[in-house]
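Heads up, the thing below is written out as structure tokens.
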Amino acid sequence: DGGITQSPKYLFRKEGQNVTLSCEQNLNHDAMYWYRQDPGQGLRLIYYSQIVNDFQKGDIAEGYSVSREKKESFPLTVTSAQKNPTAFYLCASSLNEKLFFGSGTQLSVL
Amino acid sequence: DQQVKQNSPSLSVQEGRISILNCDYTNSMFDYFLWYKKYPAEGPTFLISISSIKDKNEDGRFTVFLNKSAKHLSLHIVPSQPGDSAVYFCAASWGTGANNLFFGTGTRLTVIP
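Those sequence lines, one after another, are chains A and B. Reading the first sequence from the start, the letters are residues 300 to 409 in this note's numbering. Reading the second sequence from the start, the letters are residues 3 to 115 in this note's numbering.
In structure tokens, the structure reads:
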């Protein structure tokens, strides 16, 4: 079954803590993306990677970091510098302009 | 600055009737438009798209219309079914790749049985 797998589904962060959200794909897509969704808002691009070992900042990259060591994997770290981390995080890969999304991770602050 | 706008946060329609979801954009460079459907606690799934060289694209019960002069697109669902109840996101892009893809804020459609 081809697709995007995100884990965990729910994640809680304590004050000052870094947390990492996992994203794995077996679609053999080169490009991968991280989006953030807040209630009543559209999806906003955090980071994207068009090829292994390369990634670019999106519109709201501050307080986040990523790595792309393997084609299949694009983990997102929410650092303590992100002051408002509570949101629904979506990972995606793309074939041209069409995005294929994972099922998301809901991150909340304790 | 929101380049893609969905001004109706919600829409309720009777089962069997037509649902019309609207989307406006400001950037005349956009040349490809997509609609995504999202259920709660799930990722969006691709529904239908249209290139700027067309003004209509149809796929079963779903039709997307593009009016370039008005910078407006709409999604028609006929007939509407209860399973269509979801949040619908409009998106627009220019160039190649999805890094130039901009999403609207979404419209929550409720189809009443």
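Even glycine gets a Cβ: it sits at the ideal position worked out from N, Cα and C.
Three-state secondary structure (DSSP) of residue i
{"i": "B/Asn59", "result": "strand"}
{"i": "B/Asn101", "result": "helix"}
{"i": "A/Asp353", "result": "strand"}
{"i": "B/Asp26", "result": "strand"}
CB contact check: residue i to chain A, cutoff 9 Å
{"i": "B/Ala88", "result": "no"}
{"i": "B/Gly106", "result": "yes"}
{"i": "B/Leu68", "result": "no"}
{"i": "B/Gly62", "result": "no"}
{"i": "B/Thr98", "result": "yes"}
{"i": "B/Leu13", "result": "no"}
{"i": "B/Leu103", "result": "yes"}
{"i": "B/Val80", "result": "no"}
{"i": "B/Val173", "result": "Given that chain B is displayed from residue 3 to residue 115, the structure contains no residue 173 of chain B and the question cannot be resolved."}
{"i": "B/Gln83", "result": "no"}
Beta carbon proximity, residue i to chain B, threshold 9 Å
{"i": "A/Phe387", "result": "yes"}
{"i": "A/Phe399", "result": "yes"}
{"i": "A/Gly324", "result": "The residue asked about is misnamed: residue 324 of chain A is Gln in this sequence, not Gly. No, A/Gln324 does not count as interfacial toward chain B."}
{"i": "A/Glu371", "result": "no"}
{"i": "A/Ile350", "result": "no"}
{"i": "A/Glu361", "result": "no"}
{"i": "A/Ile303", "result": "yes"}
{"i": "A/Gln355", "result": "yes"}
{"i": "A/Ala391", "result": "yes"}
{"i": "A/Arg343", "result": "yes"}
{"i": "A/Ser306", "result": "no"}
{"i": "A/Ala380", "result": "no"}
{"i": "A/Ser265", "result": "What the structure shows of chain A is the stretch from 300 to 409, and residue 265 of chain A is not part of that stretch, so it cannot be assessed."}
{"i": "A/Ser321", "result": "no"}
{"i": "A/Ser316", "result": "The sequence shown places Gln at residue 316 of chain A, rather than the Ser named in the question. No - not a single Cβ of chain B is within 9 Å of the one on A/Gln316."}
{"i": "A/Ser402", "result": "yes"}
Residues sharing a beta bridge with residue i, DSSP
{"i": "B/Asn69", "result": "B/His74"}
{"i": "B/Trp37", "result": "B/Ile50, B/Cys92"}
{"i": "A/Ile303", "result": "A/Gln324"}
{"i": "A/Arg335", "result": "A/Arg343, A/Tyr388"}
{"i": "A/Ser366", "result": "Answer is none; A/Ser366 lacks a bridge partner."}
{"i": "A/Ala330", "result": "A/Ser393"}
{"i": "B/Gln16", "result": "B/Ile114"}
{"i": "B/Ser79", "result": "Strictly speaking, residue 79 of chain B in this sequence is Ile, with Ser absent from that position. For B/Ile79, which the question treats as bridged, DSSP gives the partners B/Ser21, B/Phe64."}
For residue j and residue i, believed in contact at Cβ under 8 Å, the rounded distance
{"i": "B/Phe91", "j": "B/Lys40", "result": "6 Å"}
{"i": "B/Asp33", "j": "B/Ser54", "result": "4 Å"}
{"i": "A/Ser402", "j": "A/Gln305", "result": "6 Å"}
{"i": "B/Ala93", "j": "B/Leu103", "result": "5 Å"}
{"i": "A/Leu344", "j": "A/Gly357", "result": "3 Å"}
{"i": "B/Ile79", "j": "B/Ser21", "result": "4 Å"}
{"i": "A/Leu342", "j": "A/Tyr388", "result": "Between A/Tyr388 and A/Leu342 the Cβ distance is about 10 Å, and since that is not below 8 Å, they are no contact."}
{"i": "B/Asn29", "j": "B/Gln5", "result": "5 Å"}
Contacts that residue i makes with chain E (C-beta to C-beta distance below 7 Å)
{"i": "B/Ser95", "result": "The structure shown contains no chain E; the protein chains it does contain are A and B."}
Members of the region 22-54 of chain B that neighbour chain A once the beta carbon cut-off is set at 9 Å = Tyr34, Leu36, Tyr38, Lys40, Ala43, Glu44, Gly45, Pro46, Thr47, Phe48, Ser51
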